[in-house]
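The opening position of the sequence shown corresponds to residue 11 in my numbering, with each subsequent residue numbered one higher.
Where a beta carbon is used, it is the ideal one built from N, C-alpha and C, also for glycine.
Notes to accompany the following structure.
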Amino acid sequence: FLWSNTVTGNSANMASKYDEVQYLKNKVLQVGRDSTRESDDISFRCEIGKNRFPFSVVWGSLPCLTWLCPLVGHLAITDSKGQVHDFAGPYTICIDDFMTGPVLKYWQIDPRTIEFPSLKNGEARTHSEAWDLALQKGDAQYRKMMHTICWNNCHSHVARVFHHMGFNDIAPILTLKFLWHCKYVSFCKMIIVWLPFLIIFGIILFVSLISKR
Numbered sequence: 011f012l013w014s015n016t017v018t019g020n021s022a023n024m025a026s027k028y029d030e031v032q033y034l035k036n037k038v039l040q041v042g043r044d045s046t047r048e049s050d051d052i053s054f055r056c057e058i059g060k061n062r063f064p065f066s067v068v069w070g071s072l073p074c075l076t077w078l079c080p081l082v083g084h085l086a087i088t089d090s091k092g093q094v095h096d097f098a099g100p101y102t103i104c105i106d107d108f109m110t111g112p113v114l115k116y117w118q119i120d121p122r123t124i125e126f127p128s129l130k131n132g133e134a135r136t137h138s139e140a141w142d143l144a145l146q147k148g149d150a151q152y153r154k155m156m157h158t159i160c161w162n163n164c165h166s167h168v169a170r171v172f173h174h175m176g177f178n179d180i181a182p183i184l185t186l187k188f189l190w191h192c193k194y195v196s197f198c199k200m201i202i203v204w205l206p207f208l209i210i211f212g213i214i215l216f217v218s219l220i221s222k223r
């Protein structure tokens, strides 16, 4: 009976020590993960001449459509290095080659403010990796999709990437958020966006005034 109690006591002590060792290992791993995230090397420096805007949703002008309504344009998203990923047509993702040319407006986002699912499940170690991983997943899906102007378009591609980042916004809501948060690359870019509209509006106004005389 004494021997049985001794064995039972030793087993309990061993189990307790094992649990303690596992707990310490988990703490060390967690600290390692946290320190990895803290050392995440993130750069927000934009290179306008190269069309590079890291961690951004970018916007370009669509001839005729933007001239008639300056709020309408082409949307794309960039990776951690600033390269544009653009759903430019059916089954086509252009990288570092924006379909509409120079970026005119952009919304830059700090990835450290996003709770990425890939960080939680261990797919990514840093916020930069998590951002790029979500972008890769969105690109892979849209390389298999037909492009339609009204429904499955560039806005849908960006919304899908955001979905992989943990957001559930549909494309119209995401577009409204972009319009609220975005800024023009420069004053000259703003003139490029609005000048054709103002010219067309001025011509229509002039013709209407003349016709009334």
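Here's the rule: buried if 16 or more other CB atoms are within 10 angstroms of the residue's CB, otherwise exposed. What is residue i?
i: S138; result: buried
i: D96; result: buried
i: L184; result: buried
i: V217; result: exposed
i: I201; result: exposed
i: F108; result: buried
i: R62; result: buried
i: K154; result: exposed
i: V199; result: Reading off the sequence, residue 199 comes out as Lys, not Val. Result: buried.
i: M175; result: buried
i: T110; result: buried
i: W141; result: buried
i: S128; result: buried
i: Y101; result: exposed
i: G59; result: exposed
i: F54; result: exposed
i: G132; result: exposed
So for residue i, helix, strand or coil by DSSP?
i: W77; result: helix
i: R47; result: Because R47 sits at a pLDDT of 46, beneath the cut-off of 50, its placement in the model cannot be relied upon, and the point is left open.
i: G59; result: helix
i: L72; result: coil
i: K193; result: strand
i: T185; result: helix
i: S221; result: helix
i: L206; result: Checking the sequence shown, residue 206 turns out to be Pro, not Leu. Correct three-state label for P206: helix.
i: F177; result: coil
i: R199; result: Looking at the sequence shown, residue 199 is not Arg but Lys. The answer is helix: DSSP assigns K199 an H, G or I state.
i: V171; result: helix
i: F216; result: helix
i: F211; result: helix
i: F54; result: coil
Just list the residues that DSSP pairs residue i with in beta bridges.
i: I103; result: F97
i: H84; result: G70
Check whether the Cβ atoms of residue i and residue j lie closer than 9 Å to each other.
i: L145; j: V113; result: no
i: Q118; j: S66; result: yes
i: C4; j: W69; result: It is not possible to answer for residue 4, since the shown part of the chain is limited to 11 through 223.
i: C56; j: G92; result: yes
i: L85; j: F188; result: yes
Within 9 Å of any Cβ in chain C, is that where the Cβ of residue i sits?
i: V203; result: In the structure shown, chain C does not exist; there is a single protein chain.
With a floor of 3 residues, list each beta strand (DSSP E) that falls wholly inside the region 115–165, ordered by position along the chain.
-> 115–118
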